[in-house]
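Respectively, the protein sequence lines represent chains A and B.
Counting from 18, one number per residue, gives the positions in the first sequence under this note's numbering.
Counting from -18, one number per residue, gives the positions in the second sequence under this note's numbering.
By construction, the Cβ of each residue, glycine as well, lies at the ideal position given by its N, Cα and C atoms.
Contents: one structure, followed by commentary.
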Amino acid sequence: MKKTLFGVLATSTALLSPLAAAAETEVQFWHAFTGRLGELVKAQVEEFNASQDAYTVVESHKGNYSETLNAGIAAFRAGEQPHILMVFEVGTATMMAAGGAIKPVHEVMAQSGATFDPDAYIGAVKGYYTSTEGEMLSLPFNSSTPVLWVNRDAMSAAGVDPDTDLSTWQKVGETLDALKAGGEECGLVTAWQSWIHLENFSAYHDVPFASKDNGFAGLDTELMLNGPAQVAHLTAMGEWAADGKFIYTGRRNEGGANFRAGECALFTESSAGYAGISSEAEFDFDVRPLPYWEGVGNAPQNTIIGGASLWVMEGHEDAEYKGVGEFLSFLSTSDVQASWHQNTGYLPITAEAGVATRAAGFYEQNPGTDIAVIQMTAKEPTANSKGLRLGSFDQIRGIIDEELEAIWAGDKSAQEAMDSAKARGDALLRRFETANR
Amino acid sequence: MEKRVTFRGWMLPALLIAPQVIISAVFFFYPAGQAIWQSLFIPDPFGLSSQFVGLGNFEFLLTDRFYRASFLTTAVFSILVTLCSMIPALFLAVIADRLIKGSGVYRTLLIWPYAVAPAVAGVLWLFMFNTRVGVVSWYLGNLGYDWNHVLNGGEAMGLVVVASAWGRISYNFLFFFAALQAVPRSVIEAAAIDGARFWTRFWTIVLPLLSPTTFFLLVVNVVYSFFETFGVIHTITAGGPQQSTTILVYKVFSDGFVGQDLGSSSAQSVILLIVVGLLTIIQFKFIEKRVHY
């Protein structure tokens, strides 16, 4: 009995699957989104599937960013890779170096004949994912940039004018003093410390984070995060931490919970924090541009992005790549992008989507949501502010986190910590160079 | 008079040990061999190319100050976890053993935590000690103690030790309890008649008679703290702050599966293999001599 049942099952699956495949070509899409973002991705996929009947995109959630990348790598090694893999910005250099595993997006688009105009994408966004020859390697999907979130009620409660100018760190420093004097116990809190206070800090002040154009110009790059500008900033932050004006809560976005609960006055976090803050905060908040040090470097230059892009994996049929091209082209359309931008707080990837959002009056109804866009696009990116392309960067961020924790705990001076981060990070960069020689 | 079963011929014994040999070969010797082989290379994550570096991976590791420090971290962590899971377990077992009524209820309740997976246990403890919403950290705050395991390495270590040991107490309790039941009543009663008080009887009679169980649990708990606690560490501290809770196994995972550095990860597993091998030899050579069966 068992045997027959198994036989029937086997036959029926064998019969069913080719039928389904014959009708529509399947495109596998692995991503890292859950919750609200997961629903929005699902909606995009369903909309695409309903819009035509040649291809079916199948989306699957594979865990957080690191886990999704690992799932993709493991699948590639087993010959089971998806067509489209979401990879966070930190994994960019890893993907880029894997020439035989990926199919550059510009190639996919050229082959598939789908509409594709590289100039339609916002420079500061696509720059991160573009080769030095200017060819787009992966499609920017969700990109955000750090901004300053202000709890206006907490400011007022501490007797500080909520409209105080917070455009520079000098002014933020004065405000933190005033907040402390007014009884505020958590003046400043941050998410993603390395991304905001080192990577973006360097770009924003137009100082290098790493040599060779932050790694864009070659694998023989070295970290330069122990420069005077970075050290001065971290020294100031360290002093604020020692005085209890800057509260450290963790390496990822743990600080978001403190801010959303109304415990902290100022919060440096991604612009994509908008969805969470706007739905949970029971206080009056506003968004300001990320502060900079007046007189340091060329600040304010532009900030850089965080988030993920979509990589097309090698090893599939031409017909399937045609479907991939169609889907990526669908994702880039102005309507899809504009609604994504408005729902999530992520940046639009095309200039047209930004224009459409402004025309729809979204920025007037939700003041501050355009600050991230302005901050990124106000100036043409320089070699220091195009982005970062460093191998083993997930691990290097871990090292940076550890060294920053040493500063916050008062165990090391900013200079000692960053010198150590450079030495340890460079060792990993050399290994990455060896692996991809 | 040694007890020994002898077989005629070699077919039957070979057949009988075959399943164990095959399992060991497939799940241990083959992967271990692969790890040794891979530790000589720096491969790229996708397995497209690989550079032979000889002992370069080992040199890279052993010159890394943090890697060397993680040996000490591992030693401190394992000793603490073993002590914190065995001593309370023994204490609870002794108490439960003296109960006349209701010992079944206590037994059942004490075994429960063992059913909680390490990663889940980690999350539970993290909730209690969360620097913002944690119940325990809130009470500590009221007492004037500012709990912050995110920055304080000692507190982070304490938290992962307690979270790792907690579930193990149940497991150890079960073994100690069973062993206590096997201690002959007549010996204890004789000692009691001779005027030995409870703790004297415990130290001079019960504890020596428990030594085989204690030794077994020592070995099992050390292995546990080396290999199975990684879920707890991953959920609570992710090895931080400043690598103060990065034990050797956690580093193998984070370098290999987060950092995609499979060469270094393989070299670390080889080193770990050697360490655990040495540890096992030490345990059986020196400590087992003090065990009375």
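Asked	Found
Closer than 8 Å at the beta carbon, the chain A residues around Phe280(B)	The structure shown does not extend to residue 280(B), since chain B is modelled only from -18 through 274, so no value can be given for it.
The stretch 91 to 124 of chain B: positions lying closer than 7 Å to chain A by Cβ	Thr112 and Arg113
Where Asn453(A) meets chain B, residues with beta-carbon distance less than 8 Å	Asp25 and Ser30
Chain-ordered neighbours of Ile294(A) on chain B, where CB pairs are closer than 9 Å	Near Ile294(A) there are no residues of chain B at all, since even the closest Cβ is about 16 Å away, more than 9 Å.
Residue-level contact to chain B via CB, Ile213(A), 8 Å cutoff	no
Sub-8 Å separation of Asp134(A) and Arg268(A) beta-carbons	no
Distance CB(Gln3(B))-CB(Gly244(B)) smaller than 8 Å	It is worth fixing the name first, because residue 3(B) is Ile in this sequence and not Gln. The answer is no: Cβ separation not under 8 Å.
Beta-carbon contacts of Ala137(A) that lie in its chain and below 8 Å, excluding the five residues immediately before and after	Ser349, Thr367, Ala368 and Glu369
Identified DSSP bridge partners for Glu43(A)	Thr73(A)
Continuous beta strand (DSSP E) stretch holding Asp303(A): start and end	Phe302 to Arg305
Pairwise C-alpha distance: Val75(B) and Ser206(B)	24 Å
Same chain, Cβ closer than 8 Å to Ala38(A), five either side skipped, listed in chain order	In this predicted model, Ala38(A) has a pLDDT of only 44, less than 50, meaning its place in the structure is not dependable enough to derive any value.
Members of the stretch 82 to 113 of chain A near chain B, C-beta cut-off 7 Å	Ser83, Asn87, Ile90, Phe93, Arg94 and Thr111
Per-residue DSSP class, three states only, for Ile138(B)	A quick correction: the sequence has Met, not Ile, at residue 138(B). In the structure shown, Met138(B) sits in a helix (DSSP, three-state: H, G or I).
Coarse secondary structure for Glu343(A), derived from DSSP in three states	helix
Partners in chain A for Gln19(B), counting only beta-carbon separations shorter than 8 Å	By Cβ distance, chain A contributes nothing, its closest Cβ being about 12 Å from Gln19(B), past 8 Å.
Proximal chain B residues relative to Gly52(A), where beta-carbon distance stays under 8 Å	Within 8 Å Cβ-Cβ: nothing; Gly52(A) doesn't reach chain B, min ~18 Å.
Residue from Asn383(A), Arg441(A), Leu345(A) and Ser402(A) whose Cα sits closest to the Cα of Glu124(A)	Leu345(A)
Helix, strand or coil at Tyr309(A) according to DSSP, with G and I counted as helix	strand
The stretch 229 to 242 of chain A contacting the stretch 335 to 343 of chain A, beta-carbon criterion three pairs below 8 Å	no
According to DSSP, residues forming a beta bridge with Leu327(A)	Met103(A) and Leu156(A)
Environment of Phe233(A) [buried if 16+ CB atoms lie within 10 Å]	buried
Distance between Arg277(A) and Ala292(A) (C-alpha atoms, nearest Å)	11 Å
Interface flag, Phe238(B) vs chain A, CB-CB below 8 Å	yes
Beta strand (DSSP E) segment containing Asp287(A), residue limits	Per the sequence shown, residue 287(A) should be read as Ser rather than Asp. Segment Leu283 to Ser287, the beta strand (DSSP E) holding Ser287(A).
At least 3 beta-carbon pairs within less than 8 Å: the stretch 88 to 102 of chain B vs the stretch 145 to 162 of chain B	yes
Host alpha helix (DSSP H) of Val125(A) (start-end)	Val122 to Ser129
Short CB-CB distance (under 8 Å) between Asn159(A) and chain B	no
The stretch 217 to 237 of chain B contacting the stretch 1 to 16 of chain B, beta-carbon criterion three pairs below 8 Å	no
The stretch 402 to 414 of chain A in contact with the stretch 234 to 241 of chain B per 3-pair CB rule at 8 Å	yes
Secondary structure of Gln32(B), DSSP reduced to three states	strand
Contacts that Ser409(A) makes with chain B (C-beta to C-beta distance below 7 Å)	Gly240 and Asp242
Min CB distance Pro222(B) to chain A below 8 Å	yes
Coarse secondary structure for Val167(A), derived from DSSP in three states	strand
Residue-level contact to chain A via CB, Val280(B), 8 Å cutoff	Since the first and last residues shown for chain B are -18 and 274, residue 280(B) lies out of range.
Cross-chain neighbours of Thr266(A) in chain B, by beta carbon under 8 Å	Thr112, Arg113 and Val131
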